[in-house]
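Those protein sequence lines, which keep their order, are chains A and B. If you're matching positions, the first sequence starts at 40 in this note's numbering and goes up one per residue. If you're matching positions, the second sequence starts at 41 in this note's numbering and goes up one per residue. Virtual Cβ for every residue (Gly too), placed ideally from N, Cα, C. Please read the structure below before turning to the comments.
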Amino acid sequence: MGLRTNPKACYRSYMKVDLTKIDQIINQIIDKYKDDEDVPYISILQDINDEYRYLPEEALYRVSQKMEVSMSHLYSLATFYKCFSLVPKGEHEIQVCMGTACHVRGASRILEKVTRDLQVKPGKTSENGKFSLETVNCVGACAQGPLVVFDGKYVGKLTLNKIEKMLGGNHEKDNKTS
Amino acid sequence: MVNFTLNGLEVSVEKGTTLLEAADFYGIEIPTLCHDKGLSPYGACRLCLVEIGTPGRSRLVSSCTYQAREGLNVRTHSERVIKARKLLIEMYVALCPSSKVIQCLASKYHVTKVRFSPKHEDCILCGLCVRMCDEQMQAKAISFVNRGGRRLVSTPFAKKSEDCRLCGACIYICPACQTRCQGPQEENILCNACLNLEPPCLEKFEDVMCYMDPCVACELNTDKKPNK
Ligand code: SF4
Ligand code: SF4
Ligand code: FES
Ligand code: FES
Chain A
40 MGLRTNPKAC YRSYMKVDLT KIDQIINQII DKYKDDEDVP YISILQDIND EYRYLPEEAL
100 YRVSQKMEVS MSHLYSLATF YKCFSLVPKG EHEIQVCMGT ACHVRGASRI LEKVTRDLQV
160 KPGKTSENGK FSLETVNCVG ACAQGPLVVF DGKYVGKLTL NKIEKMLGGN HEKDNKTS
Chain B
41 MVNFTLNGLE VSVEKGTTLL EAADFYGIEI PTLCHDKGLS PYGACRLCLV EIGTPGRSRL
101 VSSCTYQARE GLNVRTHSER VIKARKLLIE MYVALCPSSK VIQCLASKYH VTKVRFSPKH
161 EDCILCGLCV RMCDEQMQAK AISFVNRGGR RLVSTPFAKK SEDCRLCGAC IYICPACQTR
221 CQGPQEENIL CNACLNLEPP CLEKFEDVMC YMDPCVACEL NTDKKPNK
C-alpha cells in the first residue's frame, strides 16, 4: 500500500467551491425523494448545475459521499448528458444552429459574427465569463432559420443587424468596461 | 421448465435461462466477447447472436441476453448466423488488430480476410472491465464516460482513483489488453497464425507429426495427399 499514502489527496486538492449550498441542495433533494426506490441522481446534478452553471468536481465528490453512490457513476452521468458541464459556463448561453436548413440560410456568417463580437470560440466561454458559445445541429425550428438560442430563447430569422440588437446592451457594455 | 428446440434438438431448461447458458449446458459453443459467467449480461458485442423463429421469418438475437421461451426454435450455427458472426469478427479485427482474443476468434472461425481499414483502437467498449470492477470487485472505480464516438472507459476526471483497489481484475478480463502473437509472419492486420485446418506438416511429411490421431484435417485430405 506504499503507493497510496494519501488516497484522498486527488479529490481534496480542489477545495474552492462553497459547499454549504451543495449540502443544502442535497438535503432538500433527499427530503423530496426519500420515499423513492431509485434515487434521481440526474435531478440532483441538474439542480447543482443550475446553481453553479457547471458541476464542480468537489460538488460531485460531496454528492457521492452523501448519497453513497460511486464517483464513477456520477462522472459517467455528468459526461453523458449534454446539459451538464464540467467546466464553468458563462452567464449567458448562446447556441448557434448549424443544421442543414440554417446552414443554407447563412448560419456560418452568423457564427462568425457572434464569434467576432463576443470574442469567444464555439465550445468555449469568453474570458470575462459572460458568454458561452456552442454550435448545435438543428433545434427543430428550421422554418425560423438562421437561428440562435439565446439563454433558452429562440431567436429566429436572424440578420446581422438583428444579432447586434439581440446581443444589444450585453456586448457593448462589455466592450466599454474592458 | 421451458421446452424449446436447439439446433433441432428438443431441450428443456429452467425458466430465466438465457439461450447462451442453455447452449453452453448442452455443449454447443457460441463465441462471445462481452460476456462472462460471473458478470451480468450486457449485450454489447453481438457476437453471440443466434437465429430464432421459423426459417423465412427468423431473426437474429443476442443469446447472452435473450431468455429461453416455450416453443422457441433456436439455431446457433445456421448459415445466416455464421455469416453474421464472421462479418462481426472481421469488423472487430479491423477495430482492434492488436487484441489476442479477437485474433484467436478470427483464426478459430476462419476469418481469413479483412475488408475494412484498420482502426487500431485499444478498447472495444465491451464493458467487461466496468462490470468486473463494479460487480466482482465492488470498487466502482471505473465507468464509461462521454458518449457516441467519444465514449471511453476512465476513472472520474481521469485522475488516479481512490476507489481503485489495484486488483488488476479489469486488465485480467479485458479482451483488448492481451496482445496478439505475431509469429514468424510479416506485420499484418490479420494474424491467422493458428489457422490450422490444414496441418502444415503435410507439406513435408507423409503423416501429420502432431500425433493427434485421428486428425480431422488429415482425414479430410487423404484423397488429395500426393504420394511421396
Ligand atoms: S484494478 Fe481498480 S479499476 Fe481495475 S477492477 Fe480492480 S478496483 Fe477496478
Ligand atoms: S478496456 Fe477492455 S474490458 Fe474495458 S471496455 Fe475496453 S475492451 Fe472491454
Ligand atoms: S437547421 Fe437550424 S433549426 Fe433546423
Ligand atoms: S456476448 Fe452477447 S452480445 Fe456480447
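At a beta-carbon threshold of 7 angstroms, the residues of chain B lying near residue 96 (chain A) are 197, ordered along the chain. Within the same chain, no Cβ atom closer than 6 angstroms to the Cβ of residue 160 (chain B) is found once the five residues on either side in sequence are excluded. At a C-beta separation below 7 angstroms, residue 187 (chain B) has these neighbours in chain A: 119. Taking the Cα of residue 152 (chain B) as reference, the smallest distance to any Cα among B:184, B:57, B:219, B:133 is reached at B:133.
Annotation for residue 230 (chain B): 133, 137, 143, 146, 151, 152, 153, 154 place their beta carbon closer than 8 angstroms to its own, counting only its chain and skipping 5 residues before and after.
Placement of the Cβ of residue 146 (chain B) at a distance of 7 angstroms or more from every heavy atom of ligand 1 is found.
Counting other Cβ atoms within 10 Å of its Cβ, residue 198 (chain B) stays below 16 and is therefore classed as exposed. Beyond the five residues adjoining it in sequence on each side, residue 179 (chain B) comes within less than 7 angstroms, by CB distance, of 173, 203, 204, 205 in the same chain, given in chain order. Collapsing the DSSP output to three states places residue 166 (chain B) in coil. Note that the C-beta distance between residue 142 (chain A) and residue 189 (chain A) is not below 8 angstroms.
Under the Cβ criterion of 8 angstroms, residue 165 (chain A) is not counted among the residues facing chain B.
Among the residues facing chain A, residue 183 (chain B) is included, as its CB has a counterpart in that chain under 8 angstroms away.
Counting C-beta pairs closer than 8 angstroms gives fewer than three between the region 211-220 of chain B and the region 138-153 of chain A, which falls short of the contact rule.
Taking 7 angstroms as the cut-off, the C-beta of residue 87 (chain B) counts as close to a heavy atom of ligand 4. With respect to the C-alpha of residue 165 (chain A), the residue from A:110, A:95, A:127 having the closest C-alpha is A:127. Residue 132 (chain A): member of the beta strand (DSSP E) spanning 131-136, first to last residue.
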